[in-house]
Amino acid sequence: MSDRADDLLIYREAVSQYLERLDDAERRRLTRRLAFQLRRSQQQRIRAQKAPDGSPWPKRKPRKDQKPASRAIRFLYRKGSGDERLVDMRSWVRKGNMLTGFDREAEGLRTFRADRIARHLPAEGGADPGPIAGAIKARRGSVRRKAQSMFTGLRTAKHMKAGSTMDEAYVEFTSRASRLARIHHYGLKDRVVPDGPETEYPQRELLGFSQADDEAAMDLVYAHMEGGL
Numbered sequence: 020m021s022d023r024a025d026d027l028l029i030y031r032e033a034v035s036q037y038l039e040r041l042d043d044a045e046r047r048r049l050t051r052r053l054a055f056q057l058r059r060s061q062q063q064r065i066r067a068q069k070a071p072d073g074s075p076w077p078k079r080k081p082r083k084d085q086k087p088a089s090r091a092i093r094f095l096y097r098k099g100s101g102d103e104r105l106v107d108m109r110s111w112v113r114k115g116n117m118l119t120g121f122d123r124e125a126e127g128l129r130t131f132r133a134d135r136i137a138r139h140l141p142a143e144g145g146a147d148p149g150p151i152a153g154a155i156k157a158r159r160g161s162v163r164r165k166a167q168s169m170f171t172g173l174r175t176a177k178h179m180k181a182g183s184t185m186d187e188a189y190v191e192f193t194s195r196a197s198r199l200a201r202i203h204h205y206g207l208k209d210r211v212v213p214d215g216p217e218t219e220y221p222q223r224e225l226l227g228f229s230q231a232d233d234e235a236a237m238d239l240v241y242a243h244m245e246g247g248l
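Residue numbers 20 to 248, in my numbering, belong to the letters of the sequence shown in order.
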C-alpha cells in the first residue's frame, strides 16, 4: 500500500470516529451539506459533458435530414390516458398529422399527433402564435446550437434531487427523469419516436463519484471538525 493510500486510510478512520461522536441533528446537517455539494459537482460535470473519470462523452450524431422550424411551440397535449401535459418543443418539423422535434421536458426527440393538441400556448415571453398551419423550415444553425449541450434539463434541481439521512448523502434523478437518465447512463436501446425503430445510445455516465468528489467531501468534513461550518 502506498504512503498516500495509508494516509487516506488513517484520515478516513479519524473522520468516521468524528462522525460517530456527532449528535443526530448535527450529523444530519453535515450530510445535507455533503448532498448539495455532491449535486453541484454532478451538475458541473454534466454541463462540461464529461464522465466521472474526466473523459469526454461521445458526441451526439448530427441529423442531416433534419429541417427544423425556426420558432418554438408550446401546447397542451392529450395523452392516451386522457391526461394533459405541457410540451415545449424546439427544432421541430411537421409531416402530415405528426410533429417531431426536440421536447425540452423529455430532453430528446419526441413525436406528437397534431389532433391530440388540446390548446396552443404562447411561447415564453411572446404572443399566442395560434394553430400550426404546416411545416416551417428553419434558418441554419438552430439544430447545431441544440446539439452543443446535452441533458440541460436533467441537470437542473427539478430533475436531479439531493437528499440525506443521518448516515448518508445521496443524489438521484426523479422518477420522471430516471428512465431517460438510465438509458443514456448505461448506453441502452430506446425508440427515438413512438413505434419507431430502436436506437442504441452511446454510454454517457450521468452520475458518478470521482476522486475530486471524494476529496471535496473529506475537505467539508475537515472544515466542520475545525469549526469552519
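Every residue, glycine too, gets a C-beta built ideally from N, C-alpha and C. Every value quoted in this text rests on a predicted model; they were computed, and no experiment measured them.
Put simply, of Ala242, Arg201, Arg97 and Gly215 the residue whose alpha carbon is nearest the alpha carbon of Arg135 is Arg97. DSSP places Thr218 in the uninterrupted beta strand (DSSP E) bounded by Glu217 to Glu219.
Runs of the beta strand (DSSP E) lying entirely within the stretch 161-245, each at least 3 residues long, are 179-183, 188-192, 208-210 and 217-219 in chain order.
Residue environment analysis places Asp122 among the buried positions, since at least 16 neighbouring C-beta atoms fall within 10 angstroms of its C-beta.
In the DSSP assignment, Arg93 falls outside any alpha helix (DSSP H) and lies within the beta strand (DSSP E) extending over Ile92 to Arg97.
Per DSSP, the unbroken alpha helix (DSSP H) holding Arg52 starts and ends at Asp43 to Arg66. Taking each of Phe94, Met237 and Ala188 in turn and checking the Cα distance to Ile29, the smallest one comes out for Met237. Excluding the 5 residues flanking it on each side, Glu219 has same chain C-beta neighbours closer than 6 Å at Lys208, in chain order.
Residues Ala70, Pro71 and His204 of the same chain have their beta carbon placed closer than 7 Å to that of Glu224, with the five preceding and five following residues left out of the count.
Within its own chain, the residues whose Cβ lies closer than 8 Å to the Cβ of Ser183, once the five positions on either side in sequence are excluded, are Arg47, Thr50, Arg51, Leu53, Ala54 and Tyr189, listed in chain order. A Cβ-Cβ separation of about 6 Å places Met117 in contact with Arg132 under the 8 Å criterion.
For Ile136, DSSP records a beta bridge to Tyr96. Put simply, the backbone Cα of Val211 is about 48 Å away from that of Glu32. Setting aside the 5 residues that flank it on each side, Leu128 is surrounded in the same chain by Thr119, Gly120, Phe121, Asp122, Val211 and Val212, each with a C-beta closer than 8 Å to its C-beta; the list follows chain order. Taking 8 Å as the cut-off, the Cβ atoms of Glu126 and Phe170 count as close. Met179 sits buried, since 16 or more C-beta atoms from the chains shown fall within 10 Å of its C-beta. In this structure, Ser35 lies away from Asp232, with their beta-carbon atoms at least 8 Å apart.
Between the beta-carbon of Trp76 and that of Gln63 there is about 14 Å, and that puts the pair past the 8 Å contact cut. By the C-beta density criterion, Phe228 is exposed, having fewer than 16 other C-beta atoms within 10 angstroms.
Boundaries of the beta strand (DSSP E) around Lys114: Glu103 to Lys114. Under the three-state reduction of DSSP output, Arg129 falls in the strand class.
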